[in-house]
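The structure appears right after this line, and notes come after that.
Residue numbers (the working numbering), protein chains in the order written: chain A, 1 to 96; chain B, 97 to 192; chain C, 193 to 288; chain D, 289 to 384; chain E, 385 to 480; chain F, 481 to 576; chain G, 577 to 672; chain H, 673 to 768; chain I, 769 to 864; chain J, 865 to 960.
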């Protein structure tokens with residue numbers, strides 16, 4: 001089941017840079033695990049922002065909640081979630 | 097070059113249904129040509145709305161303008177465009 | 193899987209009253225079928241508005257899209273959808 | 289009398305974690321008392337947010353004010369309240 | 385039980401003036417009945433707008449819904465409702 | 481001359497509680513003086529918020545400015561002011 | 577007593593031009609009477625808009641309501657009103 | 673050349689009061705110089721706010737930028753600027 | 769003197785196409801005259817919209833008002849105007 | 865390829881002034897390099913704000929992202945980006 005997930009990272013002015021690098025490294029590792037598993041299906045950077053647009057493919061809402069709220073950078077994030085579904089005009093039977 | 101394109105279709109109450117079906121058929125044909133060409137790279141329906149979230153892969157801004165503004169349903173659409181780029185953490189070298 | 197669905201019905205000034213009554217009767221019949229099936233799990237009126245707050249319990253996003261967009265009053269509606277999940281503090285194991 | 293109550297919890301960056309855990313434990317205890325009493329009739333988590341959607345069933349406005357503003361997490365919350373009433377199409381005579 | 389009710393009347397350009405006068409006369413009669421009954425406890429005009437700010441005193445939410453949605457001018461209105469309660473600092477024991 | 485005055489009190493997380501209690505006591509005393517004088521004609525709490533809706537009856541704009549901006553809690557408040565006037569349909573000649 | 581009044585004139589596409597010219601002529605005459613009387617104390621055009629920013633000097637709120645809502649172009653206007661008062665730093669004792 | 677300039681002063685909770693008084697005194701002196709010169713042509717307080725509505729009369733945009741951004745209170749201000757011009761209906765040839 | 773002018777053209781559904789083409793031809797001619805004169809200094813299309821971002825170089829506000837409000841497509845436009853000035857870091861002494 | 869880039873600089877109250885001057889000097893140097901290279905094609909100050917409107921001319925989205933997010937003042941900025949393209953009515957073949 002597909003969801004558009006948009007994440008903005010808001011780093012407060014004066015935030016500890018070492019702590020931030022730790023969080024970013026942990027975030028990257030978590031992301032790559034989820035990407036390899038096919039759960040975090042797509043990610044793109046938003047030009048000029050510390051933000052991404054992502055597509056998640058999950059079994060249900062509860063799983064999505066657990067994944068998003070345990071991301072290492074989650075305490076610094078604003079998150080917007082939009083449920084999606086396959087488009088009937090698509091010529092790719094497995095376009096996710 | 098990648099762009100998120102979000103399209104909302106607003107059909108006025110009382111709009112001619114035959115005309116609408118023609119526009120939708122023409123839109124579907126145009127979409128499938130662009131999808132086959134790899135230009136309209138992804139499309140998803142937004143649940144509960146007459147809206148989609150799409151990813152376009154185009155050579156430049158001018159080409160995107162030409163594609164969007166000549167869509168058959170364009171006169172009934174609100175369109176929001178966001179420039180994207182590849183995310184450096186992605187493990188898929190060709191993730192578009 | 194649970195979703196909050198908020199529906200506002202916007203009747204244009206001068207809309208044909210007979211047509212509106214037909215749509216409302218068809219909407220009511222559809223609602224009661226879905227309520228009996230446990231799909232449209234809750235509905236409440238918003239005080240002073242032609243709006244409701246509903247809880248849907250569906251198998252997946254695609255099913256929710258199909259249900260909402262085929263409602264008889266859908267062409268007159270604004271719809272807002274929010275994915276929900278069970279709250280871990282709840283003392284009711286089946287609180288949906 | 290029914291109200292939709294939407295609560296967003298905003299934890300400032302750097303907030304004392306021990307204090308937060310105390311508030312959350314106290315909030316959970318209060319919630320479960322009110323849920324057992326039938327006052328906090330429903331609660332759902334909003335996917336991806338530290339937010340809930342709740343339905344309260346109270347005798348009057350003043351009682352609702354007292355309940356909400358004395359919640360342990362209230363000082364960290366944004367709250368939106370919407371008065372509701374029973375929907376006439378409902379087939380469940382006691383659907384609250 | 386008290387509610388602030390704010391009503392904006394939006395008359396479409398070209399609306400039939402005779403019909404409007406009928407609705408306004410019916411609205412005035414209904415208002416005065418409710419004011420005499422103590423239900424529509426206060427009304428003030430918003431300066432420069434076709435809008436009012438009102439205080440309703442009703443037994444419950446369902447009664448308020450019935451009163452507001454059957455007002456003669458309701459089809460031309462935008463309505464915003466806010467639940468209120470007595471302020472503990474008030475020196476007037478019956479200030480409603 | 482009547483004005484609707486809406487006040488939201490925003491207490492920063494970690495604000496000194498003793499200082500807050502002093503401000504609230506001073507605010508209450510000032511309010512009761514103004515209520516006794518008929519200037520702060522009505523006050524209601526907004527359910528679930530640290531906010532009130534008030535009606536002021538003052539001789540002119542300058543007097544209202546002086547009253548509002550010298551309230552003890554004013555430095556923590558957001559204030560919205562709307563000029564009102566008597567409604568011609570009112571059956572109470574002195575409804576203020 | 578001073579108020580900032582901001583007026584936007586919204587002429588629907590296809591509005592009768594002769595009717596519009598009549599309304600504009602009547603508006604101009606009314607404006608010049610009020611300007612001569614010192615009531616409509618200032619008026620400026622907003623660059624690039626069919627809008628003005630005005631300062632009214634009136635005896636009370638009710639008088640302002642009567643003046644604004646009887647302007648010939650009022651049915652096509654959006655109006656925003658802000659109560660003002662003299663600024664204590666002003667070196668002009670009669671700056672209105 | 674005329675501009676409407678709207679200034680909101682936002683004093684952070686806990687801001688040094690002595691520093692604030694210095695800034696206000698410097699602001700007042702600067703204002704009175706500019707008012708005497710005819711540049712800061714009008715100023716009014718917004719009732720109930722730490723805000724003003726002003727009319728500036730300057731030779732060009734660059735001069736306005738220099739004046740506004742060097743005001744002593746500018747670091748605490750939100751500023752909104754709207755270009756204005758003379759209204760053709762005005763009966764005062766020099767109404768600025 | 770420089771201004772950013774953003775224009776959105778809103779063509780109502782069902783608008784007469786011949787009339788629209790006439791307006792667009794007249795708009796183009798007017799634009800090219802103003803561009804040749806150096807007044808309409810820059811114009812860019814906004815990708816995917818019937819909108820442009822322009823830079824005007826005019827002698828004063830009144831001239832800008834006259835130019836914008838007499839554009840052939842003005843009755844179908846929403847216009848937003850922002851006063852600009854030269855940036856002191858620019859290495860081009862005549863960058864307009 | 866052209867983009868409108870709007871940058872607002874938000875300096876927190878009490879920010880270290882020496883640090884700010886360093887960032888501004890570094891920003892100016894970077895800007896002048898990019899302006900000399902033709903990449904940062906235009907820049908204008910927004911009157912009365914610590915903001916600019918700029919036009920960037922870059923090879924692709926990824927390059928724009930890299931340029932913007934490494935600006936020395938970027939951590940204090942809000943940035944809004946809008947893709948542009950050449951306007952077909954322009955009489956300047958190289959108007960960028």
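All C-beta atoms, glycine included, are put in the ideal place defined by N, C-alpha and C.
Just so you know, these numbers come straight off a predicted model, no measurement behind them.
Taking the continuous alpha helix (DSSP H) assigned at residue i, which residues delimit it?
{"i": "residue 253 of chain C", "result": "253–261"}
{"i": "residue 33 of chain A", "result": "17–36"}
Taking 8 Å as the CB-CB cut-off, is residue i touching chain F?
{"i": "residue 474 of chain E", "result": "yes"}
{"i": "residue 420 of chain E", "result": "yes"}
{"i": "residue 578 of chain G", "result": "yes"}
Of all the options the options, which has the alpha carbon lying nearest to the alpha carbon of residue i?
{"i": "residue 747 of chain H", "options": "H:675, H:673, H:684, H:677", "result": "H:684"}
{"i": "residue 127 of chain B", "options": "B:112, B:146, B:167", "result": "B:167"}
{"i": "residue 194 of chain C", "options": "C:213, C:283, C:233", "result": "C:233"}
{"i": "residue 230 of chain C", "options": "C:248, C:252, C:241, C:271", "result": "C:248"}
{"i": "residue 473 of chain E", "options": "F:497, F:571, F:496, F:524", "result": "F:524"}
{"i": "residue 293 of chain D", "options": "D:380, D:371, D:303", "result": "D:371"}
{"i": "residue 199 of chain C", "options": "C:277, C:260, C:279, C:283", "result": "C:260"}
{"i": "residue 695 of chain H", "options": "H:681, H:686, H:758", "result": "H:681"}
{"i": "residue 342 of chain D", "options": "D:309, D:367, D:374, D:305", "result": "D:367"}
{"i": "residue 91 of chain A", "options": "B:177, B:169, B:124", "result": "B:124"}
{"i": "residue 63 of chain A", "options": "C:277, C:207, C:269", "result": "C:277"}
{"i": "residue 721 of chain H", "options": "F:495, F:557, F:497, F:496", "result": "F:557"}
{"i": "residue 207 of chain C", "options": "C:265, C:273, C:239", "result": "C:265"}
{"i": "residue 957 of chain J", "options": "I:814, I:815, I:803", "result": "I:803"}
{"i": "residue 348 of chain D", "options": "F:527, F:498, F:540, F:501", "result": "F:527"}
Output the boundary residues of the beta strand (DSSP E) element that contains residue i.
{"i": "residue 290 of chain D", "result": "290–297"}
{"i": "residue 755 of chain H", "result": "749–758"}
Would you verify that the beta carbon of residue i is, or is not, closer than 8 Å to some beta carbon of chain G?
{"i": "residue 490 of chain F", "result": "no"}
{"i": "residue 521 of chain F", "result": "no"}
Give me the DSSP bridge partner(s) of residue i.
{"i": "residue 522 of chain F", "result": "F:535"}
With a threshold of 8 Å between beta-carbons, can residue i be considered close to chain E, or not?
{"i": "residue 387 of chain D", "result": "No answer is possible for residue 387 of chain D: the residues shown for chain D start at 289 and end at 384."}
Comparing the C-beta of residue i with each C-beta of chain A, is any distance below 8 Å?
{"i": "residue 943 of chain J", "result": "yes"}
{"i": "residue 925 of chain J", "result": "yes"}
Using a beta-carbon distance below 8 Å, is residue i in contact with chain D?
{"i": "residue 493 of chain F", "result": "yes"}
Counting only C-beta atoms, is residue i closer than 8 Å to chain J at any point?
{"i": "residue 850 of chain I", "result": "yes"}
With a cut-off of 8 Å, does the C-beta of residue i fall near any C-beta of chain I?
{"i": "residue 917 of chain J", "result": "yes"}
Taking Cβ positions only, does residue i come closer than 8 Å to chain H?
{"i": "residue 549 of chain F", "result": "yes"}
{"i": "residue 555 of chain F", "result": "yes"}
{"i": "residue 787 of chain I", "result": "no"}
Assuming residue i and residue j make a contact with CB atoms under 8 Å, what is their CB distance in whole Å?
{"i": "residue 855 of chain I", "j": "residue 916 of chain J", "result": "6 Å"}
Could you check whether the Cβ of residue i sits closer than 8 Å to any Cβ belonging to chain B?
{"i": "residue 65 of chain A", "result": "no"}
{"i": "residue 800 of chain I", "result": "no"}
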